[in-house]
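*Asks:* Below you'll find the structure I mean.
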Amino acid sequence: KNEVEQSPQNLTAQEGEFITINCSYSVGISALHWLQQHPGGGIVSLFMLSSGKKKHGRLIATINIQEKHSSLHITASHPRDSAVYICAVRHSGGGADGLTFGKGTHLIIQP
Amino acid sequence: DSGVTQTPKHLITATGQRVTLRCSPRSGDLSVYWYQQSLDQGLQFLIQYYNGEERAKGNILERFSAQQFPDLHSELNLSSLELGDSALYFCASSAMGFNYGYTFGSGTRLTVV
Chain H
1 KNEVEQSPQN
11 LTAQEGEFIT
21 INCSYSVGIS
31 ALHWLQQHPG
41 GGIVSLFMLS
51 SGKKKHGRLI
61 ATINIQEKHS
71 SLHITASHPR
81 DSAVYICAVR
91 HSGGGADGLT
101 FGKGTHLIIQ
111 P
Chain Z
112 DSGVTQTPKH
122 LITATGQRVT
132 LRCSPRSGDL
142 SVYWYQQSLD
152 QGLQFLIQYY
162 NGEERAKGNI
172 LERFSAQQFP
182 DLHSELNLSS
192 LELGDSALYF
202 CASSAMGFNY
212 GYTFGSGTRL
222 TVV
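Just so you know, the protein sequences line up as chains H and Z, in that order. Numbered according to our numbering, the first sequence terminates at residue 111, and the numbering increases by one at each position without gaps. Numbered according to our numbering, the second sequence terminates at residue 224, and the numbering increases by one at each position without gaps.
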């Protein structure tokens, strides 16, 4: 079983819909990241969370440490939101700061 | 422009060869991370440097090595290349190893033929 599981793997929605992408992890973490990767390949860091909720524009990220679960929401989705969204965690307890990644959610927003 | 510069953007080379990928971190960032993204394995952490010193190793093969120089730029050396090494290689930097966000470079696409 992967340490970081994302669902759904693929999601196609209509413009304007509310989008939710889920991430579950099985290890202790000090931080969880949501990343966006566009077809050109570049990766953009959207959020870093260790507790609670963060909002940036139409994007909202939440995390429940007790349940080891995080969600990324997109309100009023737009075709330019089409990308792969990747959840990644940094393990707690010191040591390596490298991230462990989920497989990603491939989101397509149709006009 | 994220502030993290990776060169080259694309690289095509033959099996058995050696290549060097370069990364310049965002100004002021002391930590540099290397990641590999392949179709079958997804994104994987390779290695981290902090202020010139190796800090952590992930799934890095013995044929691969890296270093961070006094000016904080980093190089990832890949030798005895195999077809399976074809992947996107990303560099990321952060201000410190801890509780700071990452900034990713645009990646180097390596194709081994």
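Every residue, glycine too, gets a C-beta built ideally from N, C-alpha and C. All values reported here derive from a predicted model rather than from experimental measurement.
Please report the straight-line C-alpha distance between H/Ser70 and Z/Tyr161, rounded to a whole angstrom.
*Replies:* Taking the straight line from one Cα to the other gives about 29 angstroms.
*Asks:* How should H/Gly102 be labelled, buried or exposed, when 16 other C-beta atoms within 10 angstroms of its C-beta is the threshold for buried?
*Replies:* Buried is the call here.
*Asks:* Shortest alpha-carbon distance to H/Gly28 belongs to which of H/Arg58, H/Gly41, H/Leu46, H/Gln66?
*Replies:* Here the closest residue by C-alpha is H/Gln66.
*Asks:* For H/Ser45, decide whether its Cβ has a neighbour in chain Z, counting only Cβ atoms nearer than 8 angstroms.
*Replies:* Chain Z contact via Cβ: present.
*Asks:* Out of H/Thr75, H/Thr20, H/Asn2, H/Gly42, which has the shortest C-alpha to C-alpha gap to H/Ile63?
*Replies:* When only C-alpha atoms are compared, the closest one is H/Thr20.
*Asks:* Can you list the residues of chain Z that H/Ile60 reaches, using a CB-CB cut of under 7 angstroms?
*Replies:* Those do not exist, as H/Ile60 stays about 17 angstroms from chain Z at its closest Cβ, beyond 7 angstroms.
*Asks:* Given this structure, state the Cα-to-Cα distance separating H/Thr105 from Z/Asp151, to the nearest angstrom.
*Replies:* Straight-line Cα distance between these residues: approximately 15 angstroms.
*Asks:* Does chain Z have any CB closer than 8 angstroms to the CB of H/His38?
*Replies:* Chain Z contact via Cβ: absent.
*Asks:* On the three-state DSSP scale, how would you describe Z/Leu194?
*Replies:* Three-state DSSP puts Z/Leu194 in a helix.
*Asks:* Let me see if you follow: with CB-CB separation under 8 angstroms, is Z/Ala198 close to chain H or not?
*Replies:* No, no contact with chain H.
*Asks:* Taking 8 angstroms as the threshold (C-beta atoms), are H/Ile43 and H/Leu35 in contact?
*Replies:* Yes, Cβ-Cβ distance for H/Leu35 and H/Ile43 is below 8 angstroms.
*Asks:* So what does H/Gln5 bridge to, in DSSP terms?
*Replies:* Gln is not the amino acid found at residue 5 of chain H; the sequence shown has Glu there. H/Ser24, per the DSSP bridge assignment.
*Asks:* Find the nearest neighbour of Z/Val143 within the set Z/His121, Z/Tyr200, Z/Val224, Z/Thr222, judged by alpha-carbon distance.
*Replies:* Here the closest residue by C-alpha is Z/Tyr200.
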